[in-house]
Amino acid sequence: MRIDDEAPPATRRGDRPLDAMVTGAAYAVLALLGAVVGVFGAVVQLWPVTPAVAPALAAALAVFALTYLAGRGMGSRAGAIVPGTAWLVVTLVLSAQRSEGDLLILGNAAGYVYMAAGVLAVVAAPLLVPAKNPAGSWLTRR
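Here my numbering runs 6 ahead of the position in the sequence shown, where the first position is 1.
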């Protein structure tokens with residue numbers, strides 16, 4: 007018999023509606039943070055610094071830090087995917103040229119480095135977050 011089976015029903019993890027609301031709110035905040043980091047990175051990568059790609063790399067590092075730490079903090083890979091997806095949507099919108107000709111992420115070296123390194127960070131961070139159940143646990147029952 008597991009310890010979870012002996013716990014009163016009200017104290018088991020995930021049984022209360024408040025747990026679901028708090029988790030949903032945490033994911034919403036992570037999505038908002040991903041969007042904010044996307045806007046921040048789009049502006050930062052334009053800074054005229056030598057070498058020109060240094061701000062873009064720093065912004066991509068911030069994307070990786072946010073997604074990785076969000077995944078670790080939420081205890082799941084979904085915690086890393088949510089802000090990464092929000093970052094990707096904002097970045098794609100800000101890299102599209104408007105009818106007036108305005109855009110924030112230019113088609114220069116810094117813009118390409120920011121987008122490529124950011125996408126790499128969004129893909130790598132969830133892969134580095136440990137899974138809740140180790141691989142093979144369904145087979146070995148451990």
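Glycine included, C-beta positions come from ideal geometry on N, C-alpha and C.
This structure is a prediction, so every number in the text was calculated from the model and none was measured.
Note on P57: under 16 other CB atoms within 10 angstroms of its CB, so exposed under the neighbour-count rule. Check the Cα spacing between V119 and each of S105, T91, V88 and S101: the tightest is with S101.
The beta carbons of A32 and F70 sit no closer together than 7 Å. Rounded to the nearest angstrom, the Cβ distance from V129 to W93 is 12 Å, too far for a contact under 8 Å. Comparing C-alpha distances from G47 to each of A86, G107 and A116 shows the shortest one belongs to A116. Taking the C-beta atoms as reference points, A26 is found no nearer than 7 Å to V96. Pairing G77 with A86 gives a Cβ-Cβ distance under 7 Å. Looking only at P89, S82 and M121, the smallest Cα-Cα distance to K138 is reached by S82.
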